[in-house]
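Okay, structure first, notes after.
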Amino acid sequence: MAKPVGGLLGVWSSEDKLLEVAKKVKAEGFQKFDTITPFPVHGMDEAIGLKRSKIPIVTFFACIMGTLTGFGFQTYVFVYDWPMNIGGKPHFSLPAFVPIIFELTVLFGALITVGTMFAWNGLPNFTRVSPHARLSDDKFGLFIPENDHGYDVTKIDQLFQSLGAEEVVRVAEF
70 MAKPVGGLLG VWSSEDKLLE VAKKVKAEGF QKFDTITPFP VHGMDEAIGL
120 KRSKIPIVTF FACIMGTLTG FGFQTYVFVY DWPMNIGGKP HFSLPAFVPI
170 IFELTVLFGA LITVGTMFAW NGLPNFTRVS PHARLSDDKF GLFIPENDHG
220 YDVTKIDQLF QSLGAEEVVR VAEF
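If you want it as structure tokens, here you go:
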């Protein structure tokens, strides 16, 4: 989990304005900044330069693992370990295996994906608090940490003011 760091937070009341601000802050050369919004903002990932998530790759391989587990387990049980003649059905009956294979594919995919997301995002984290009370309600924020390249309090404060920030807050830890 990342160590908390201080910085400056600018607050706006429009997601369109925040999107514009994020593009300008990125153009200024800042790289470690983050946006805090009450809901997902379309285009924000591209504006702040986030790369595509690797979660779909994890989900794909988890689903493959679930499929192979379901197929392998049923094949082992019904063909080798406990073969039973039920109504003349062959021991290896793929159509009968399909429901279990499907269920294990979905189960493995869901559980491993959620577990991976929790691990990669450092969740649960009960110690981190929002740097501004209304960011989860109706305000939008952009936080620049003090360990970012080119961090200068007065320069960033002037930048936020020139971009129409309603409020600029010095955050001790975030």
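Residue numbers for the sequence shown, in my numbering: 70 to 243. Glycine included, C-beta positions come from ideal geometry on N, C-alpha and C.
Per DSSP, residue 236 is one residue of the beta strand (DSSP E) stretching across 236-240. Residue 214: member of the beta strand (DSSP E) spanning 209-214, first to last residue. Segment contact: the stretch 207-217 against the stretch 89-109, three or more CB-CB distances shorter than 8 Å; contact assigned. Under the criterion of beta carbons closer than 8 Å, residue 141 and residue 174 do not qualify as touching, at roughly 13 Å.
In this structure residue 127 is not in contact with residue 169, their Cβ atoms being roughly 23 Å apart against a cut-off of 8 Å. Across the structure, residue 118 and residue 135 are spaced so that their CA atoms are roughly 34 Å apart. In the three-state scheme derived from DSSP, where H, G and I count as helix and E and B as strand, residue 117 is classed as helix.
The Cβ neighbour count for residue 229, taken over all protein chains shown within 10 Å, is at least 16; the residue is labelled buried.
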